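Colleague: Take the sequence shown: its position 386, counted from the start at 1, is 437 in our numbering, and no numbers get skipped.
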Amino acid sequence: MNAATLAWARSGARGGAFRTDWVTVALVLAITLLGLIMVTSASVSIANNETGEPFHYLERQLVLLLAGGAAAAVLTRVRTELLEKLALPLLVVAIALLVAVLIPGLGHVVNGSRRWIRLLGFNFQASELARLLVLVYVASYAARREGELRSSFAGLAKPLGLLALIGVLLLAEPDFGAATVLFATGFGVLYMAGARVRHVLAMVLAAAAAFAALVALSGYRMRRLATFLDPWADPFNSGFQLTQSLIAIGRGEWFGVGLGESVQKLFYLPEAHTDFLFAVLAEELGLIGVVLTVGLFVALAWRALHIAQLAADAGLKFQAYLAAGFGLWIGMQAFINIGVNMGALPTKGLTLPLMSYGRSSLIVTLAWVGTLLRVYHEAASRTRGPATVST
């Protein structure tokens with residue numbers, strides 16, 4: 052450890068003023084507040100019909116935001132060195148969660164998928180936390196084995212074997228969307244760590260072939276693919292969800308029909324406040340709202356990659372890959388959710404990050420934002436020196 056690193060470590064241990072990345076905070080607040088408005092609008096009729104309380108989902112979303120914000124605040128105080136040291140135990144926890152959810156009596160089935168563990172009356176989606184813990188390990192591997200990644204195919208094959216194992220567990224739930232996002236994000240982090248382009252392309256082609264085979268061998272997924280290719284062939288059955296989403300987006304035109312004025316959310320569009328929240332947003336706020344939403348997600352993903360670059364410049368490899376993983380993940384999941392809503396991608400059970408009503412997803416994503424802010428603090432402290440509290 053050189054003198055500069057030792058001084059930085061000591062300054063971190065002593066504490067001091069926390070360097071906050073206000074750009075990230077502003078972007079996350081803008082996305083979550085827009086999501087809160089849209090969840091309220093999209094769920095009023097559903098909540099009133101289910102519970103008699105029109106603001107039932109608004110109240111629960113506020114509680115989730117507070118819980119996620121508290122988790123983020125805690126993680127801003129957790130040194131990323133600790134996460135790196137605990138990467139392997141955290142990976143074991145991730146695998147244990149994904150196995151536990153498949154055990155009858157522990158795993159809870161909702162809409163035909165066994166993705167939840169019921170704790171104290173609360174359904175927790177194990178894959179949300181597990182994916183984060185797996186990516187922590189991938190970032191740790193990339194930092195430790197950077198030379199091996201750059202020099203040999205085996206360096207890339209080892210972490211991809213792990214991702215394949217996690218993917219099998221996710222597909223057993225089944226959660227094809229989560230497996231796809233995890234693979235794409237993991238590939239991205241390993242490529243940034245220096246994996247050779249030809250090795251990455253070979254593994255991407257192999258992964259694409261494997262996913263194609265999974266689709267071809269599953270009647271359920273083949274039906275979904277057929278519906279995606281021509282939803283209007285059966286608009287009142289298999290194509291109902293997608294056609295209603297397309298109708299909602301089409302009705303929005305340039306400026307939307309007005310906040311709260313969506314027709315499709317009135318029991319026409321399934322999952323209006325979760326997976327298809329974007330369709331309601333497009334209907335009510337129009338192209339202007341769509342551009343604003345896409346712009347916010349692009350800006351947040353770009354900011355995470357910028358923080359990753361700051362960390363890399365400061366010599367913090369693990370932290371750089373951790374921040375890059377967040378940027379790739381948030382961008383990838385938002386892209387897939389929006390693509391599904393617009394009929395550009397086959398239907399996946401993925402929420403719009405930070406916006407949709409998604410209990411586990413919202414809390415875990417906000418917690419990861421706390422880690423991203425911690426990476427910024429450590430990178431800024433190392434390059435600019437410890438912040439001082441003015442009096």
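Yeah, the Cβ is synthetic: ideal placement off N, Cα and C, and Gly gets one too. Source: prediction; values computed, not measured.
(1) Grouping DSSP H, G and I as helix and E and B as strand, with all else coil, what is Ser164?
(2) Give a yes or no on contact between the region 146-164 and the region 97-117, applying the rule of three or more CB pairs nearer than 8 Å.
(3) Does DSSP classify Trp59 as helix, strand or coil?
(4) Which residues in the same chain as Ala124 place their Cβ atom closer than 7 Å to its Cβ, once the five residues preceding and following it in sequence are excluded?
(5) With a Cβ-Cβ cutoff of 8 Å, do Leu87 and Gln112 count as a contact?
(6) If you drop the 5 nearest sequence neighbours on each side, which residues of the same chain put their C-beta closer than 8 Å to that of Arg354?
(7) To the nearest angstrom, how far is the alpha carbon of Glu135 from that of Gly301?
(8) For Pro210, which three-state DSSP category applies?
(9) What residues are listed by DSSP as bridge partners for Phe175?
(10) Who does Ala93 pair with in a DSSP beta bridge?
(11) Please name the residue, chosen from Ile168, Gln292, Ala230, Gly245, that lies closest to Ala190 on a Cα-to-Cα basis.
(12) Below 8 Å on the Cβ atoms is my contact criterion, and I expect Val426 with Thr131 to pass it. Report the Cβ-Cβ distance as a whole number of Å.
(13) What residues are listed by DSSP as bridge partners for His159?
(14) Any idea what DSSP makes of Ala244, helix, strand or coil?
(15) For Arg182 and Phe238, what's the separation of their Cα atoms in angstroms?
(16) Is the beta carbon of Ala194 within less than 7 Å of some heavy atom of the ligand MN?
(17) If I'm right that Leu396 touches Ile387 with Cβ under 8 Å, what's the distance once you round it to whole angstroms?
(18) Could you tell me the alpha carbon to alpha carbon distance between Lys209 and Gly156, rounded to whole angstroms?
(19) Under three-state DSSP, which class holds Ala395?
(20) Grouping DSSP H, G and I as helix and E and B as strand, with all else coil, what is Ala261?
(21) Let me know the secondary structure DSSP gives Ala68 once reduced to three states.
(22) Residue range of the alpha helix (DSSP H) that Lys316 falls in?
(23) Quick check on this structure: which residue in Ala138, Glu197, Gly311 has the alpha carbon closest to the alpha carbon of Leu184?
(24) Apply the 10 Å Cβ neighbour rule to Arg65 and answer buried if 16 or more other Cβ atoms are within range, or exposed otherwise.
(25) State yes or no: is the C-beta of Val240 within less than 8 Å of the C-beta of Met89?
(26) Which class does Phe238 belong to by DSSP, given the choice of helix, strand or coil?
(27) Under 8 Å, do Ala385 and Leu413 count as touching if we go by C-beta distance?
(28) The alpha helix (DSSP H) spanning Leu293 covers which residue range?
Modeller: A quick look at the data gives this:
(1) strand
(2) no
(3) Reliability of the predicted coordinates at Trp59 is poor, the pLDDT of 41 falling under 50, and no value is obtained from them.
(4) Gly421
(5) yes
(6) Asp72, Val74, Thr75, Leu78, Gly378
(7) 47 Å
(8) helix
(9) Ile168
(10) Ala93 is not bridged to any residue.
(11) Gly245
(12) 6 Å
(13) Trp167
(14) coil
(15) 14 Å
(16) Absence of the ligand MN is noted for the structure shown, with no ligands found whatsoever.
(17) 6 Å
(18) 33 Å
(19) coil
(20) helix
(21) strand
(22) Per DSSP, Lys316 belongs to no alpha helix (DSSP H) and is neither H nor E.
(23) Ala138
(24) Residue placement at Arg65 is flagged as unreliable, the pLDDT there being 45, under the threshold of 50; the coordinate-derived value follows with that caveat. Classification for Arg65: exposed.
(25) no
(26) helix
(27) no
(28) 291-303
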